[in-house]
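Visitor:
Protein chains in written order, with our numbering: chain W, 19 to 124; chain C, 106 to 590; chain S, 22 to 583; chain F, 50 to 541.
#1: Can you name the residues that DSSP bridges to residue 144/S?
#2: At 3 residues or longer, what runs of the beta strand (DSSP E) sit wholly inside the segment 341 to 419 of chain C?
#3: Whose C-beta lies closer than 6 Å to the C-beta of residue 283/S among residues of the same chain, with five residues either side of it excluded?
#4: Using a Cβ-Cβ cut-off of 6 Å (strictly less than) and excluding sequence neighbours within five positions of residue 543/S, which residues of its own chain qualify?
#5: State the DSSP-derived secondary structure class of residue 351/S, mapped to helix, strand or coil.
#6: Can you find a C-beta in chain C that's less than 8 Å from the C-beta of residue 405/F?
#7: Please tell me whether residue 93/W has its Cβ less than 8 Å away from any Cβ of chain S.
#8: Grab me the residues of residue 484/S's own chain with a C-beta within less than 8 Å of its C-beta, minus the 5 sequence neighbours each way, in chain order.
#9: Name the chain W residues whose beta carbon is nearer than 8 Å to that of residue 259/C?
#10: Counting along the chain, where does the beta strand (DSSP E) carrying residue 110/F start and finish?
#11: Which residues in the same chain as residue 322/F place their Cβ atom closer than 7 Å to its Cβ, once the five residues preceding and following it in sequence are excluded?
#12: Within the 8 Å Cβ cut-off, does residue 386/C reach chain S?
#13: Are the segment 505 to 514 of chain F and the segment 206 to 215 of chain S touching by the rule of at least three beta carbon pairs closer than 8 Å?
#14: Report yes or no: is there a C-beta of chain S within less than 8 Å of the C-beta of residue 266/C?
#15: Identify the contact partners of residue 559/C in chain F, using a Cβ-Cβ distance below 8 Å as the criterion.
#16: Return no unless some Cβ of chain S is closer than 8 Å to the Cβ of residue 403/C.
#17: Distance check for residue 120/F and residue 50/F, CA to CA, integer angstroms please.
#18: Quick check: what's the CA-CA separation for residue 170/F versus residue 493/C?
#19: Along the chain, which unbroken stretches of the alpha helix (DSSP H) at least 4 residues long are found entirely within the segment 347 to 401 of chain F?
#20: Hey, quick one: how far does the beta strand (DSSP E) through residue 123/F stretch, first residue to last?
#21: Which first and last residues belong to the alpha helix (DSSP H) in which residue 452/F is found?
#22: State yes or no: is the beta carbon of residue 525/S nearer than 8 Å to at least one beta carbon in chain W?
#23: Based on DSSP bridge pairs, tell me the residues matched to residue 230/C.
#24: Taking 8 Å as the CB-CB cut-off, is residue 452/F touching chain S?
#25: Against residue 135/S, what residues of chain F qualify as contacts under a CB-to-CB distance less than 8 Å, listed in chain order?
#26: Among 394/F, 186/F, 351/F and 313/F, which one has its Cα closest to the Cα of residue 246/F?
#27: Comparing C-alpha positions only, which one of 93/F, 306/F, 413/F and 457/F sits nearest to residue 331/F?
#28: To the nearest angstrom, how far is the alpha carbon of residue 570/S from that of residue 579/S?
#29: Below 7 Å between beta carbons is the criterion; list the residues of the segment 525 to 559 of chain C that meet it against any residue of chain F, in chain order.
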């Protein structure tokens with residue numbers, strides 16, 4: 019029973035660990051973004067699991083998780099767009115991109 | 106109705122309005138400024154610590170917004186900064202000739218209001234999860250603004266900020282699992298020194314340190330802040346990092362002062378000291394102006410953390426607390442002024458480097474004066490607010506016998522003088538007057554006003570001290586501090 | 022009526038200063054030569070009219086001091102005033118047409134003011150002011166002709182003058198402190214007379230005044246500086262200005278208390294100067310240099326006597342009148358001799374013979390030929406000198422005789438077209454007459470004895486043997502055609518200046534070496550450090566590093582919190 | 050009304066500062082007129098205050114800018130001494146600066162900061178607490194920096210950098226010291242020294258070292274004097290101001306305040322802190338003089354001379370004794386008028402004839418007799434030749450040294466006088482006695498109103514040098530004031 023009781027948090031912790039590992043080792047921004055999403059999923063799992071009571075489910079953590087997921091989706095979308103723009107810029111032949119106009123580390 | 110939720114809601118409303126108005130979005134600012142000013146004044150007039158629960162839900166379910174001293178001060182300072190930076194940006198972010206300019210002109214204004222609203226939420230909320238949302242709003246706006254300068258730097262910023270947010274969120278989750286609430290005021294009552302709480306606190310703090318760009322987690326800041334357009338840089342350096350800092354304050358001094366061991370405070374203090382020294386040394390090394398100013402932010406944030414052990418050890422709502430909050434305010438104003446001035450100067454000479462400023466003091470005396478006045482406050486020289494803050498911190502450090510902290514405060518000021526006088530020296534160099542093309546020269550008034558405010562707040566020291574002392578948790582009660590030891 | 026005479030004292034000083042200021046006016050400047058004889062007139066009036074030993078306190082000026090004419094001061098003042106007057110008359114003719122007449126007049130007035138002021142000062146501050154004025158303002162007189170030799174002499178003069186001033190100031194300060202912070206000269210002298218007084222004060226004062234008065238070995242400036250100046254200036258330098266130093270000793274030395282060591286040292290220095298300077302001077306080729314050495318010698322005598330008296334602890338009343346009288350005679354005589362150099366250089370034939378005869382008379386008086394005024398003053402002073410001193414003084418007639426004989430033989434010859442102006446002859450004659458006559462008339466008043474109450478010719482003759490020997494030697498030398506060797510001026514000065522030149526050169530060399538060794542200021546300091554910082558910053562910017570630090574900080578915080 | 054008088058006095062120069070900043074260059078005449086009239090107004094105000102202080106009335110203005118931290122401006126006798134000096138020399142220096150720069154470009158900034166500088170100096174003088182003092186002390190640093198780098202060439206920028214590093218480091222040390230002291234005894238007003246008896250000696254000593262070290266930077270005590278000779282890169286009016294009134298004086302003034310009003314002479318003597326400081330000052334005197342001898346640049350020579358001369362003040366203050374403090378106070382004024390004379394003359398020589406190094410000086414006295422006469426008086430004053438002001442200072446310092454059982458002071462004074470003579474007299478010699486070069490012969494010193502205006506200030510201060518010495522005991526003379534201050538406050 020003990021394991022089942024802690025199944026959600028434990029799985030969440032594993033996901034956080036995996037995501038973190040990925041984030042540390044992966045170099046491509048898109049992969050990093052995905053790794054971060056894995057971490058996020060882990061955290062939501064932990065949070066969501068908390069509300070799961072024996073008789074009734076506490077809606078409060080669920081609400082938090084839903085809000086969190088909305089935020090995470092928005093951010094992921096934004097990040098993906100950003101990555102896309104960077105990739106476009108890198109592909110641009112003339113280098114007129116707005117990137118690094120103020121090159122701080124020339 | 107309460108100004109508390111309006112302060113968050115109004116900017117968001119303006120955001121939507123700006124988003125919908127397209128090319129004319131920027132003119133909403135003229136409506137936003139009086140509205141926000143009114144709300145801010147209202148906030149300042151509220152009695153200390155008066156709270157407002159959003160939507161009528163009671164705690165622990167509801168989300169509480171509360172006007173304590175630090176919130177009042179930070180919201181007010183943010184309003185001033187945002188208003189002035191916004192006015193400055195009216196020219197810069199207008200529909201322009203080419204596509205990217207126009208795109209920036211469209212994009213900036215919604216982001217601006219998002220940032221403003223997010224920051225206000227971050228300063229006013231006592232709900233940890235809501236703070237997460239605020240943090241993300243601000244980060245999103247900040248990254249997008251940074252992206253206007255350098256996509257690459259913005260991406261790096263984004264990824265790292267995301268990690269920080271998640272670390273914070275993890276902590277929130279842990280706390281909720283432990284206490285079944287995420288409201289600070291409630292947590293403060295039931296805080297227990299157990300494993301989960303400590304883990305949560307450690308993880309959240311680490312995450313917030315990223316947001317506040319504390320050494321050695323500041324790596325994202327200089328490229329992003331240096332690359333962004335001047336008004337964006339000003340907002341980023343002035344406001345965004347402060348949100349992380351204020352949440353940190355709430356965690357350490359409001360929610361968990363009872364379980365915090367001195368060693369933890371010491372650790373933060375050390376990080377702050379290192380940040381001051383490291384940021385200053387890096388700033389001295391820079392040869393581009395905005396990078397220099399950005400590193401200066403790293404150094405200045407260090408002071409805020411340096412103050413942590415001082416605040417905790419201080420006897421009451423004494424000088425250290427006031428010093429820390431005044432420093433945050435002063436830095437907000439001065440750094441915004443400095444970035445705006447830097448932007449004007451660099452635009453005028455069409456360069457990035459310090460040497461491009463050659464002789465500019467004669468061509469643009471007012472802009473250079475604004476830069477200089479802001480520098481005075483950042484260096485902590487009298488009679489500026491920066492001096493007041495540093496003086497109060499120094500006094501606290503000396504009273505507590507914290508020799509190292511005192512030394513860092515003084516040396517940090519000196520190093521600041523070294524890097525800040527570098528650009529000034531260039532501006533004063535030579536005897537000829539360079540020919541510069543300054544578009545919309547009236548904009549000089551913006552940095553000048555901010556810098557003058559930063560300096561002249563030094564005369565209103567007691568008023569600021571009084572405001573910040575209004576926090577119900579400004580400085581832990583003496584008994585609790587003793588318990589820890 | 023009682024007020025008026027004492028008010029003369031400030032006039033004595035202010036009048037020449039006023040004249041000096043007039044010299045600054047562009048139009049009036051060169052014509053101020055005519056005013057030279059006017060400058061000392063108030064002093065002459067004061068000699069007769071001003072009350073003695075009555076202090077006129079002057080408030081608001083300097084440190085609230087005063088002016089006062091003491092008994093010895095009267096003699097000094099009168100001698101100086103007479104000399105300044107006649108030298109002024111002489112100068113107004115001698116300097117006519119000189120391109121730097123204005124400068125000459127200006128500094129003449131200033132030196133005059135300082136010189137007379139020294140004799141009147143009642144407090145340290147004003148004394149020091151006047152002493153400095155006379156020292157420093159005399160420099161332009163010394164270098165008046167701007168010849169290299171004069172410039173060198175001037176440099177030596179100014180260096181020693183400044184050192185002397187400094188020594189004096191130090192001495193004054195310590196003295197004033199010992200006397201309880203007062204600045205009144207009398208009180209300081211009294212405190213020096215106290216048994217536990219600090220000898221340092223005395224030595225500093227002796228050094229300071231000694232430099233001015235040509236005390237061996239501090240005299241080195243004198244034989245080069247006095248001859249360098251124009252003739253009338255030389256006359257006042259040698260006749261009046263050195264007396265400022267003597268007067269300083271007269272005023273400040275604690276008469277009446279015995280200072281065996283200090284006194285003996287002063288006596289030794291003085292008497293050695295008496296002989297050494299005379300002998301060295303006898304081997305000079307320039308008549309003015311010879312006279313300058315004579316001054317060193319004569320002042321040596323005076324200081325030797327004062328030293329002896331100090332060692333013996335004689336009272337002021339027994340020493341000072343004789344000293345003052347001697348100084349008076351020397352001042353007038355030396356003035357006459359110096360002026361004579363100029364006169365002899367323009368006189369021919371019979372006139373020249375007369376001039377030389379007159380000068381010889383004065384010279385013999387200085388050397389102490391019996392029955393002359395010089396002998397009179399010497400006899401007066403012998404009383405204070407002790408037995409040994411008296412013997413030495415007697416013997417000094419030999420060296421003085423040789424020296425002054427040398428002087429007569431080195432007098433310049435006139436050119437064909439030279440005309441002897443009366444305005445130059447009259448001052449010389451007047452001074453000579455005064456030198457020969459005044460001591461006679463003053464002797465009784467000063468010493469309280471009649472001169473030569475009983476004249477014992479035999480004793481006189483015997484006592485004159487050194488002078489006779491000198492005469493014999495001179496005649497013999499002339500007879501066998503022996504010529505005196507010509508030594509360079511300035512004796513010890515040569516050695517000192519060579520050594521100091523070498524030291525300066527060495528110091529300069531050392532300084533230049535140090536300057537070249539100094540590392541060049543480098544804007545880009547410590548490149549390795551900069552590179553290290555750069556690398557560190559790049560590392561921190563990496564996301565992995567950031568996340569690792571994040572974890573580490575979280576762990577650290579956790580550890581710190583538990 | 051009297052209550053606001055101190056405030057008015059301090060912030061009076063703020064008006065011309067703002068006006069100078071704001072007026073365009075073509076209205077330079079108005080700027081000159083306004084600057085001079087405000088300088089005159091300030092002088093008049095000071096005169097009015099002098100009379101009231103003479104009657105024993107001190108006015109003060111206080112404002113609690115932070116709880117427990119008062120901002121106090123007070124006109125005690127010592128403050129007025131310094132203010133009188135600064136007001137007088139401000140007028141002089143303003144006239145001189147106007148003549149010196151003529152109608153050059155970018156003068157708005159110069160006069161703006163020039164006025165701020167005077168504001169800060171006045172504030173330093175009138176500060177009634179340590180923290181108020183610090184505020185103005187730091188403001189002074191900031192206001193002078195733009196003046197130091199005014200020329201904008203490589204040398205000036207370097208000088209400005211060095212100046213800042215030195216002075217800000219000094220201020221930091223000073224700040225640490227006063228905060229430390231305040232944490233021990235609370236707010237320190239300069240009316241009566243606080244009770245320091247309960248505090249450990251070590252702590253007091255450390256604080257003293259911090260404060261004196263910090264102040265010593267501005268006062269150019271060795272080893273903190275390095276910035277001063279560098280700052281010579283600034284234009285002559287700035288140097289004159291830096292050396293005579295503002296910066297170094299603020300440091301010396303602060304040290305006097307430290308010893309007499311913060312610690313109190315009893316504590317200082319009990320801790321045995323006076324003698325080491327006096328020895329340090331003595332060493333500075335000799336070292337500065339010695340270095341001055343080696344300089345070939347006139348202004349550098351003067352700069353090292355300042356290093357030496359300012360330490361006279363510190364020497365007098367640290368000896369602790371009636372004569373010594375009188376000497377210190379009177380030298381505060383005397384050094385000001387003498388040094389400003391020298392610098393204004395040096396500036397005039399440079400301005401009119403391009404004379405910068407000692408070797409260029411040959412025959413300058415022939416070409417510019419009035420300037421050189423003023424210079425000579427200043428130089429003689431520095432040497433201490435009577436009856437100049439320098440003599441009066443030295444006299445009191447020497448006696449003070451003896452009174453405090455420090456006879457070595459006499460040796461220091463004597464040595465310094467000799468060295469002073471060694472580096473000043475050759476200048477006079479060259480200027481007056483050597484033949485002028487051809488280019489100097491064409492200079493006509495007093496032709497034209499500008500040139501007369503350039504010479505006049507130096508002539509006035511030279512006369513003041515003479516008068517301050519010759520009429521030292523005149524009522525209202527610097528010496529009389531110094532005595533009044535010493536008797537009324539410091540020798541009880």
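Yeah, the Cβ is synthetic: ideal placement off N, Cα and C, and Gly gets one too.
Predicted model, so just to flag it, every value in this text is computed and none were measured.
Guide: On the basis of the supplied data:
#1: Counted from its first residue, the third chain places residue 144/S at position 123. Note: residue 144/S sits in a beta bridge opposite 205/S.
#2: The beta strand (DSSP E) runs lying completely inside the segment 341 to 419 of chain C and spanning 3 residues or more number zero.
#3: As a working note, residue 283/S is residue 262 in the third chain. These residues qualify, in order along the chain: 220 and 223.
#4: Along the third chain, one-based indexing puts residue 543/S at 522. Low local confidence applies: a pLDDT of 44 at residue 543/S is under 50, so the model's placement there is unreliable, with the coordinate-based value given in what follows. Within the same chain, no residue comes within 6 Å of residue 543/S by CB-CB distance, once the 5 residues on both sides are set aside.
#5: If you number the third chain from 1, residue 351/S lands on position 330. Secondary structure of residue 351/S (DSSP, three-state): helix.
#6: As a first step, residue 405/F is located in the fourth chain; it is residue number 356 there, counting from the start. Chain C places no beta carbon closer than 8 Å to that of residue 405/F, leaving this residue out of the contacts.
#7: Translated into positions along the first chain, residue 93/W becomes position 75. Under the 8 Å criterion on CB atoms, residue 93/W is classed as non-interfacial with respect to chain S.
#8: Taking the first residue of the third chain as 1, we reach residue 484/S at position 463. Excluding sequence neighbours, residue 484/S sits near 391 and 415.
#9: As a position in the second chain, residue 259/C is number 154, starting the count at 1. Simply 100.
#10: As a position in the fourth chain, residue 110/F is number 61, starting the count at 1. 109 to 115 is the extent of the beta strand (DSSP E) around residue 110/F.
#11: The residue given as residue 322/F occupies position 273 in the fourth chain. Take residue 322/F, set aside five residues on each side of it, and the residues of its chain with a beta-carbon closer than 7 Å to its own are 254 and 257, in chain order.
#12: Here residue 386/C refers to the residue found at position 281 when the second chain is read from its first residue. Output row for residue 386/C: interface = yes.
#13: Counting Cβ pairs under 8 Å, fewer than three are found: no touch.
#14: Sequence index remark: in the second chain, residue 266/C carries index 161 (1-based). Judged by the 8 Å Cβ criterion, residue 266/C is not in contact with chain S.
#15: Your numbering for residue 559/C matches position 454 in the second chain. Under the 8 Å cutoff, chain F gives no residues; its nearest Cβ is about 14 Å from residue 559/C.
#16: Your numbering for residue 403/C matches position 298 in the second chain. It does not; no Cβ of chain S falls within 8 Å.
#17: Sequence index remark: in the fourth chain, residue 50/F carries index 1 (1-based). Sequence index remark: in the fourth chain, residue 120/F carries index 71 (1-based). Residue confidence is low: residue 50/F scores 49 on pLDDT, short of 50, so the model does not pin down where it sits. No coordinate-derived value is stated.
#18: Position 121 of the fourth chain holds residue 170/F. Position 388 of the second chain holds residue 493/C. Taking the straight line from one Cα to the other gives about 21 Å.
#19: As far as the segment 347 to 401 of chain F is concerned, its whole alpha helix (DSSP H) runs of at least 4 residues are 347 to 368.
#20: Taking the first residue of the fourth chain as 1, we reach residue 123/F at position 74. Bounds of the beta strand (DSSP E) holding residue 123/F are 118 to 123.
#21: In the fourth chain, counting from the first residue as 1, residue 452/F sits at position 403. It spans 438 to 452 - the alpha helix (DSSP H) in which residue 452/F sits, taken as one unbroken run.
#22: Looking up residue 525/S in the third chain gives position 504. No - not a single Cβ of chain W is within 8 Å of the one on residue 525/S.
#23: Counted from its first residue, the second chain places residue 230/C at position 125. Answer by DSSP bridge pairing, in chain order: 170/C.
#24: Position 403 of the fourth chain, counted from the start, is the residue given in the question as residue 452/F. True, the Cβ-Cβ gap to chain S drops below 8 Å.
#25: Numbered from its first residue, the third chain carries residue 135/S at position 114. The premise fails here: residue 135/S is roughly 10 Å from chain F at the closest Cβ pair, so nothing lies under 8 Å.
#26: Within the fourth chain, the letter at position 197 stands for residue 246/F. Nearest neighbour of residue 246/F by Cα position, chosen from 394/F, 186/F, 351/F and 313/F, turns out to be 313/F.
#27: Indexing the fourth chain from 1 puts residue 331/F at position 282. Closest option to residue 331/F, Cα to Cα, is 457/F.
#28: Stepping through the third chain from its first residue, residue 570/S is reached at position 549. Stepping through the third chain from its first residue, residue 579/S is reached at position 558. Looking at the two C-alpha atoms, the distance is approximately 14 Å.
#29: Taking 7 Å as the Cβ-Cβ cut-off against chain F, the residues of the segment 525 to 559 of chain C that qualify are 526, 530, 533, 534, 535 and 536.
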